[in-house]
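Asks: Line by line, the protein sequences are chains A and B. Taken in order, the first sequence gives residues 13 to 211; the numbers are from this note's numbering. Taken in order, the second sequence gives residues 13 to 211; the numbers are from this note's numbering. Backbone N, C-alpha and C fix where the C-beta goes; we use that ideal spot for every residue, glycine too. Remember, it's a predicted structure, so these values are computed and weren't measured experimentally.
Protein chains: 2
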Amino acid sequence: MNPKHATTDHPVLDVIAQRYSPYAYEPRGVEPAKLLSCLEAARWAASSYNEQPWRFIVARREDAKEFARMVDCLLEANQAWAKQAGVLMLTVTSRTFSRNGKPNRVCEHDVGLAVGNLCAQATALGLAVHQMAGINLTIARQTYGIPEGFDPVTAIAVGYAADPATADPALAQRDRTPRTRLPLAEIVFAGNWGKSVVL
Amino acid sequence: MNPKHATTDHPVLDVIAQRYSPYAYEPRGVEPAKLLSCLEAARWAASSYNEQPWRFIVARREDAKEFARMVDCLLEANQAWAKQAGVLMLTVTSRTFSRNGKPNRVCEHDVGLAVGNLCAQATALGLAVHQMAGINLTIARQTYGIPEGFDPVTAIAVGYAADPATADPALAQRDRTPRTRLPLAEIVFAGNWGKSVVL
Numbered sequence: 013m014n015p016k017h018a019t020t021d022h023p024v025l026d027v028i029a030q031r032y033s034p035y036a037y038e039p040r041g042v043e044p045a046k047l048l049s050c051l052e053a054a055r056w057a058a059s060s061y062n063e064q065p066w067r068f069i070v071a072r073r074e075d076a077k078e079f080a081r082m083v084d085c086l087l088e089a090n091q092a093w094a095k096q097a098g099v100l101m102l103t104v105t106s107r108t109f110s111r112n113g114k115p116n117r118v119c120e121h122d123v124g125l126a127v128g129n130l131c132a133q134a135t136a137l138g139l140a141v142h143q144m145a146g147i148n149l150t151i152a153r154q155t156y157g158i159p160e161g162f163d164p165v166t167a168i169a170v171g172y173a174a175d176p177a178t179a180d181p182a183l184a185q186r187d188r189t190p191r192t193r194l195p196l197a198e199i200v201f202a203g204n205w206g207k208s209v210v211l
Numbered sequence: 013m014n015p016k017h018a019t020t021d022h023p024v025l026d027v028i029a030q031r032y033s034p035y036a037y038e039p040r041g042v043e044p045a046k047l048l049s050c051l052e053a054a055r056w057a058a059s060s061y062n063e064q065p066w067r068f069i070v071a072r073r074e075d076a077k078e079f080a081r082m083v084d085c086l087l088e089a090n091q092a093w094a095k096q097a098g099v100l101m102l103t104v105t106s107r108t109f110s111r112n113g114k115p116n117r118v119c120e121h122d123v124g125l126a127v128g129n130l131c132a133q134a135t136a137l138g139l140a141v142h143q144m145a146g147i148n149l150t151i152a153r154q155t156y157g158i159p160e161g162f163d164p165v166t167a168i169a170v171g172y173a174a175d176p177a178t179a180d181p182a183l184a185q186r187d188r189t190p191r192t193r194l195p196l197a198e199i200v201f202a203g204n205w206g207k208s209v210v211l
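1) Given this structure, state the Cα-to-Cα distance separating A/Val200 from A/Arg191, to the nearest angstrom.
2) Under 7 Å Cβ to Cβ from A/Ala179, same chain only, skipping five residues before and after it: list those, please.
3) Using 8 Å for Cβ pairs, my map puts B/Lys46 next to B/Leu149. What's the rounded Cβ distance?
4) Does B/Pro176 come out as helix, strand or coil in the three-state DSSP assignment?
5) Along the alpha helix (DSSP H) that carries A/Trp93, what are the first and last residues, could you check?
6) Give the single residue among B/Asn112, B/His121, B/Gly113 and B/Ala58 whose Cα lies nearest to the Cα of A/Thr103.
7) For B/Asp122, which residues in chain A fall below 8 Å Cβ to Cβ?
8) Taking 8 Å as the cut-off, does the stretch 66-75 of chain B touch the stretch 85-100 of chain B (at least 3 CB pairs, one atom from each stretch)?
9) Decide if B/Glu52 is buried, meaning its Cβ has at least 16 other Cβ atoms within 10 Å, or exposed.
10) Are at least three pairs of beta-carbons, each pair with one atom in the stretch 60-68 of chain A and one in the stretch 104-112 of chain A, less than 8 Å apart?
11) Out of B/Ser208, B/Gly157 and B/Val209, which has the shortest C-alpha to C-alpha gap to A/Lys207?
12) Quick one: grab the DSSP three-state call for B/Ala36.
13) For A/Ala177 and A/Gln30, what's the separation of their Cα atoms in angstroms?
14) I'd like the list of long-range same chain contacts for B/Ser60, defined as Cβ closer than 7 Å, with 5 residues on each side in sequence excluded.
15) Compute every distance between the C-beta of B/Asn204 and the non-hydrogen atoms of the ligand GTP, then say whether any falls below 7 Å.
16) So A/Ser106 is in the beta strand (DSSP E); what residue range does that whole segment cover?
17) From the DSSP output, in three-state form, read off B/His121 for me.
18) Would you say A/Pro159 reaches chain B, if we count a Cβ-Cβ gap shorter than 8 Å as a contact?
19) List, in order along the chain, the chain A residues whose C-beta lies closer than 8 Å to that of B/Glu74?
20) Output, in chain order, the set of chain E residues within a Cβ distance shorter than 7 Å of A/Val24.
21) State buried or exposed for A/Val42, treating a residue as buried only when at least 16 other CB atoms are found within 10 Å of its CB.
22) Starting from the C-beta of A/Ile151, find all residues in its chain whose C-beta is less than 6 Å away, skip the five residues before and the five after it, and write them out in chain order.
23) Going by beta carbon distance, what residues of the same chain come within less than 8 Å of A/Leu137, once the five residues before and after it are set aside?
24) How is A/Ile69 classed by DSSP in three states: helix, strand or coil?
25) Who are the near neighbours of B/Leu183 in its chain, counting only those whose CB is closer than 6 Å to its CB and skipping five residues on each side?
26) For B/Asp26, report the span of its alpha helix (DSSP H) as first-last.
27) If we define contact as Cβ-Cβ less than 8 Å, is B/Val165 a contact residue for chain A?
28) Closer than 8 Å, Cβ to any Cβ of chain B: which residues of the stretch 173-187 of chain A, in chain order?
29) For A/Gly128, does the three-state DSSP call read helix, strand or coil?
30) To the nearest whole angstrom, what separates the beta carbons of A/Leu196 and A/Asp21, a pair I think is in contact under 8 Å?
31) Give the interface partners of B/Thr20 over in chain A, defined as CB-CB distance under 9 Å, in chain order.
32) By DSSP, does B/Ala210 sit in helix, in strand, or in coil?
33) How long is the line joining the alpha carbons of A/Gly171 and A/Ala132, rounded to whole angstroms?
34) Kindly indicate which residue of A/Ser33, A/Val24 and A/Pro15 has the alpha-carbon position closest to the one of A/Ala134.
35) Out of curiosity, what's the CA-to-CA distance linking A/Pro159 and B/Val24?
36) What residue range is occupied by the uninterrupted alpha helix (DSSP H) comprising B/Phe79?
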């Protein structure tokens, strides 16, 4: 079994157990139909007042010039591996509700919901997704003319995971290390903060 | 077909197309094994530096006293329907990285990723999830002793969707109305802000 397949304490969907964030990508494109399904999945997420605060800016490696522009929006440590992926995206959030202009407290959270869908869909299609908080927010805004009221949130690499041996050795090791998580007892409480739920 | 089943422009997973946020819930509990799978799914989401900023506070309707405490954390408009659900949860985020104490810019986004997993798992198990931004943040913090450095984000109702006829008529209508979303052309750009991607 892939060492990245989660060893779960309770059964979960394959698309959740199998998902991981690779550093090694095959340097090839993603089929448009697959990419569209990933974005469509994101589109149908829930959001507060159905605001759908999420926006995506997409660059495909087939378009070398556009792809390079997006690589330049990443921090250097991410550029090193992400430039191999088939698709790079920026996620952007709308800060306010379109219905009344008031601040949307959960706008970033709701972008996360959309990207959660995207990850599940990508995994089901044999694609791998690696998200990055490490982006240059100023360069991203300037490069794409992101207007006031919207803010970049993350970058996302989507593509085909490769044999870790093809990655930089330090990164390859990460691709070989099993995924770990805090136990449920440390993240799920009942009654009061810190009191583990008993189910 | 359930009118809430998404009419998608591109194929997506059933757990994404079928998911919706009901107002009508059957007033019965959720089996612990199913609830554990939902939380386990959340646990395996990606997060920046694997910080796992998400915390969940859970109240089951079988424990009437605890359930009532959580109902009281919701805004009144949400209390009206959410008190019928089998489980209520609060999501909470850690604001800082445990490794260095620095602010985690994407902490709320990453809670969204975890809840995205939870939604997919719940849908696969025949459960429905309705998330709420409409909570009383102060009461939530006081009720559960949420410490400094952590903030409540959303509430989540989990349970079995009921016939809309069992809900308040104004809410029942929402349960009968098809889900709608912005077209991909309005949320996915390439090259520059507002320029629809062509795939």
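Replies: Taking the structure as given:
1) Rounded to the nearest whole angstrom, the C-alpha separation of A/Val200 and A/Arg191 is 19 Å.
2) Hits under 7 Å: Tyr35, Ala36, Trp93 and Asp187.
3) So it is not a contact: roughly 29 Å between Cβ atoms.
4) Correct three-state label for B/Pro176: helix.
5) For A/Trp93, the uninterrupted alpha helix (DSSP H) run begins and ends at Glu88 to Ala94, by DSSP.
6) Closest by alpha carbon: B/His121.
7) Those within 8 Å of B/Asp122 in chain A are Gly124.
8) Touching, per the Cβ criterion.
9) Its Cβ being crowded by 16 or more others within 10 Å, B/Glu52 is buried.
10) As far as the Cβ criterion goes, the stretch 60-68 of chain A touches the stretch 104-112 of chain A, which means the pair count is three or higher.
11) If we check each option's Cα against that of A/Lys207, B/Gly157 comes out closest.
12) B/Ala36 carries a coil assignment under DSSP once its states are collapsed to helix, strand and coil.
13) Each residue's alpha carbon lies about 20 Å from the other.
14) If we look at B/Ser60 and ignore the five residues flanking it on each side, its Cβ neighbours are Asn116, Val118 and Asp122.
15) Ligands are entirely absent from the displayed structure, and the ligand GTP is therefore not among its contents.
16) Segment Val99 to Ser106, the beta strand (DSSP E) holding A/Ser106.
17) Collapsing the DSSP output to three states places B/His121 in a helix.
18) Yes, its Cβ sits closer than 8 Å to a Cβ of chain B.
19) Within chain A, no residue comes near B/Glu74; the closest Cβ sits about 11 Å away, beyond 8 Å.
20) Absent from the structure: chain E. Protein chains present are A and B.
21) Its Cβ being crowded by 16 or more others within 10 Å, A/Val42 is buried.
22) Spatial neighbours of A/Ile151 in its own chain (CB-CB distance under 6 Å, excluding positions within 5 residues in sequence) are listed in chain order as Cys85.
23) Within the same chain, A/Leu137 has close Cβ partners Lys46, Ser49 and Cys50.
24) In the structure shown, A/Ile69 sits in a strand (DSSP, three-state: E or B).
25) Its chain contains Tyr35 and Trp93 as the residues whose beta carbon lies nearer than 6 Å to that of B/Leu183, once the 5 sequence neighbours on both sides are disregarded; these appear in chain order.
26) Start and end: Asp26 to Ala29.
27) Under the Cβ distance rule, B/Val165 counts among the residues neighbouring chain A, one pair being separated by less than 8 Å.
28) Those residues of the stretch 173-187 of chain A that come within reach of chain B (Cβ to Cβ, closer than 8 Å) do not exist; the list is empty.
29) Correct three-state label for A/Gly128: helix.
30) At roughly 7 Å, the Cβ-Cβ gap stays under 8 Å, so A/Leu196 and A/Asp21 are in contact.
31) Annotation: Cβ neighbours of B/Thr20 in chain A (cutoff 9 Å, chain order): Ser49, Glu52, Ala53, Arg55 and Trp56.
32) Contrary to the premise, residue 210 of chain B reads as Val rather than Ala in this sequence. Coil at B/Val210, not helix or strand.
33) Their backbone Cα atoms lie some 14 Å apart in a straight line.
34) Out of A/Ser33, A/Val24 and A/Pro15, A/Ser33 has the C-alpha closest to the C-alpha of A/Ala134.
35) If you take the alpha carbons of A/Pro159 and B/Val24, they lie about 30 Å apart.
36) B/Phe79 -> alpha helix (DSSP H) spans Ala76 to Val83.
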